[in-house]
Amino acid sequence: MAVVRSKRRPASQAGWSGGERAGLVLTWDGVDMRRWMDLHSAVPMAPLEQAWMYGDAIAAGSPYRPTRGVVTRDGKPVAIVQALEWSFVRAARLAKVVRGPLFLKDVTEEECVAVHRLIADRWPMPRLNWLFFTPEMIDGDFSRSVMRSLNLKQTVTGYSTAWIDLTVGADRLRAGLNQKWRNQLLAAEGEKLRIRDAHSGQALNWLLARYDAERRRRRFRAASGAFAAALAICAPRPRDVLLLQAERGSEPLAGVLFLRHGFSATYQVAYTSEAGRAANANRLLLWEGMRRLAADGVRWLDLGGVDAAMEGVSRFKLGTGAAPVTLAGTWM
2 MAVVRSKRRP ASQAGWSGGE RAGLVLTWDG VDMRRWMDLH SAVPMAPLEQ AWMYGDAIAA
62 GSPYRPTRGV VTRDGKPVAI VQALEWSFVR AARLAKVVRG PLFLKDVTEE ECVAVHRLIA
122 DRWPMPRLNW LFFTPEMIDG DFSRSVMRSL NLKQTVTGYS TAWIDLTVGA DRLRAGLNQK
182 WRNQLLAAEG EKLRIRDAHS GQALNWLLAR YDAERRRRRF RAASGAFAAA LAICAPRPRD
242 VLLLQAERGS EPLAGVLFLR HGFSATYQVA YTSEAGRAAN ANRLLLWEGM RRLAADGVRW
302 LDLGGVDAAM EGVSRFKLGT GAAPVTLAGT WM
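Here this note's numbering is used: the first residue of the sequence shown is 2, the next is one more, and so on.
What follows is the structure, encoded as structure tokens:
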């Protein structure tokens, strides 16, 4: 079926049609933040990159602007997608879809292909559009088949992350820790470190300044502290930002920043000093974060990138018992 296109409408209006395929209709920019958050929260293991605050944080520091689409069948939501779009040089546009779309219910393979096709239809290459599509699909024959059906080619291999199910309870979470990880956590608990929590302010500034210095020193391929600060500012509620510091006396030894988005959360930024590493403060903070997030109703925690190039960081994350998942990569 031909794609219906129209001029962008103000966000206050009902949105504009992105077309119809296989009985599915895609509408762009037709929901407000509250509705988007409700839909995003309905998706198990929903990544931060598809949260409303992520799009706003990107817009705060770059020429990209978020555009958000909802796919429906008979008026009922089936999937959502947040894309980042940069319009330049007259009609030319560069767009990124990062870890989307997200499905709110089970769909057939035909429907899955149709949803991805509807998204790609918005940025046809012959019309000076460049789409970088990183779908939230497990890497494999099916995901590659879907992306190739859009006439896209893989440009970056699959990103790997690890999710923790927080609903199993503290006892099972602790039992799932790697034996060495559990022993180091026990040692950290014996250090009697004081844990402080915050949502913003001086504690956040302290963490991000040290994180950025460490990132530059070790040449981590990771988001900057400035972007983490933008995410914290754009978070809809103070409780969506959880910052924990481990202290001995008045001296912070380590800090960690978690961002909550619906019933999911992301382990966003962490820093540990030499003294903090000696006291295993990083393990204590991650464990305490898991417990506090679970108590606040968070069901899944995304630990972020697992990369062979960062063996120590990856080993630390996987020591929690989380299983790595490799996604389909970026296609253009």
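Where a beta carbon is used, it is the ideal one built from N, C-alpha and C, also for glycine.
So, A266 versus L208, is the Cβ gap smaller than 8 Å?
Taking the first residue of the sequence shown as 1, we reach residue 266 at position 265. Taking the first residue of the sequence shown as 1, we reach residue 208 at position 207. In this structure, L208 does not lie closer than 8 Å to A266 by Cβ.
Other residues of its chain near E252: CB distance less than 7 Å, five sequence neighbours each side excluded:
On the sequence shown, residue 252 is found 251 positions in, with the first residue counted as 1. Counting only Cβ-Cβ distances below 7 Å, and skipping sequence neighbours, we find nothing.
Mind the definition here: the stretch 119-138 touches the stretch 69-84 only if three or more C-beta pairs lie below 8 Å; say whether that holds.
Touching, yes, given that three or more Cβ pairs across the two stretches are closer than 8 Å.
Kindly provide the ranges of any alpha helix (DSSP H) runs that are 4 or more residues long and lie completely inside the stretch 133-162, ordered along the chain.
Runs found: 142-150.
Do the stretch 273-286 and the stretch 58-71 make contact, defined as three or more Cβ pairs closer than 8 Å?
Contact fails: fewer than three Cβ-Cβ distances are below 8 Å.
Inspect the CB distances between the stretch 234-247 and the stretch 190-201 and report whether three or more fall short of 8 Å.
Cβ pair count under 8 Å is three or more, so yes.
For the 8 Å Cβ check, are there 3 or more pairs between the stretch 304-313 and the stretch 179-194?
The stretch 304-313 is not in contact with the stretch 179-194.
Sequence-distant residues of the same chain with beta carbon closer than 6 Å to T158, five excluded per side
Within the sequence shown, numbered from 1, the residue matching residue 158 stands at position 157. The residues are G330.
Rounded to whole angstroms, what's the CA-CA distance from W17 to R74? Just pull it up for me.
Position 16 of the sequence shown, counting from 1, holds the residue named residue 17. Position 73 of the sequence shown, counting from 1, holds the residue named residue 74. Roughly 16 Å between the two C-alpha positions.
Of the choices A163, P78, D213 and D297, whose alpha-carbon is the least far from that of L27?
Mapped onto the sequence shown, residue 27 falls at position 26. When each option's Cα is compared against that of L27, the closest is P78.
In angstroms, rounded to a whole number, what distance separates the CA positions of K318 and L174?
Residue 318 sits at position 317 when you count from the first residue of the sequence shown. Residue 174 sits at position 173 when you count from the first residue of the sequence shown. Distance between K318 and L174, taken at the CA atoms: about 13 Å.
Rounded Cβ spacing between A188 and N281 (contact assumed at less than 8 Å)
Taking the first residue of the sequence shown as 1, we reach residue 188 at position 187. Taking the first residue of the sequence shown as 1, we reach residue 281 at position 280. Correct: roughly 5 Å between the Cβ atoms.
Along the alpha helix (DSSP H) that carries R220, what are the first and last residues, could you check?
Position 219 of the sequence shown, counted from the first residue, corresponds to residue 220. Looking at the DSSP string, R220 is not in any alpha helix (DSSP H), and its letter there is neither H nor E.
Measure the alpha-carbon distance for S13 versus G322 and round it to whole angstroms.
Numbered from 1 along the sequence shown, position 12 holds the residue referred to as residue 13. Numbered from 1 along the sequence shown, position 321 holds the residue referred to as residue 322. Residue confidence is low: S13 scores 39 on pLDDT, short of 50, so the model does not pin down where it sits. Its coordinate-derived value is still stated next. Rounded to the nearest angstrom, the two C-alpha atoms are 45 Å apart.
By Cβ distance, which residues of its chain are closer than 8 Å to D166, with the 5 residues on each side in sequence left out?
The sequence position of residue 166 within the sequence shown is 165, counting from 1. R300 and W301.
If I follow the unbroken alpha helix (DSSP H) through S315, where does it start and stop?
Taking the sequence shown and counting its residues from 1, the one referred to as residue 315 is at position 314. Where S315 is concerned, the enclosing alpha helix (DSSP H) stretches over E312 to L319.
Distance, E112 Cα to F133 Cα
Working through the sequence shown from its first residue, we reach residue 133 at position 132. Working through the sequence shown from its first residue, we reach residue 112 at position 111. Rounded to whole angstroms, F133 to E112 spans 21 Å at the Cα level.
Going by C-alpha to C-alpha distance, which of L285, R284, E192 and H117 sits closest to S25?
Stepping through the sequence shown from its first residue, residue 25 is reached at position 24. In the sequence as displayed, the identity of residue 25 is Leu instead of Ser. Nearest of L285, R284, E192 and H117 to L25, Cα basis: H117.
Leaving out five residues before and five after L194 in sequence, what residues of the same chain have Cβ atoms less than 8 Å from its Cβ?
Numbered from its first residue, the sequence shown carries residue 194 at position 193. A247, E248, R249, L254, A280, A282 and L285, listed in sequence order.
Can you give the Cα-Cα distance for Q185 and M138, rounded to whole angstroms?
Sequence index remark: in the sequence shown, residue 185 carries index 184 (1-based). Sequence index remark: in the sequence shown, residue 138 carries index 137 (1-based). Here the C-alpha atom of Q185 lies approximately 34 Å from the C-alpha atom of M138.
Backbone CA spacing between L205 and E192 [nearest angstrom]:
Within the sequence shown, the letter at position 204 stands for residue 205. Within the sequence shown, the letter at position 191 stands for residue 192. Rounded to whole angstroms, L205 to E192 spans 24 Å at the Cα level.
Consult DSSP for W29 and reduce its assignment to one of helix, strand or coil.
Along the sequence shown, one-based indexing puts residue 29 at 28. W29: strand per DSSP, three-state reduction.
Between F143, M54 and P102, which has its C-alpha nearest V71's C-alpha?
Walking along the sequence shown from the start, residue 71 turns up at place 70. Looking at the Cα atoms, P102 is the closest of the given residues.
For E21, which three-state DSSP category applies?
Translated into positions along the sequence shown, residue 21 becomes position 20. In this structure, DSSP gives E21 an extended state, which the three-state scheme calls strand.
Per DSSP, the bridge partner or partners of K97:
Sequence index remark: in the sequence shown, residue 97 carries index 96 (1-based). Here K97 is bridged, per DSSP, to L85 and F133.
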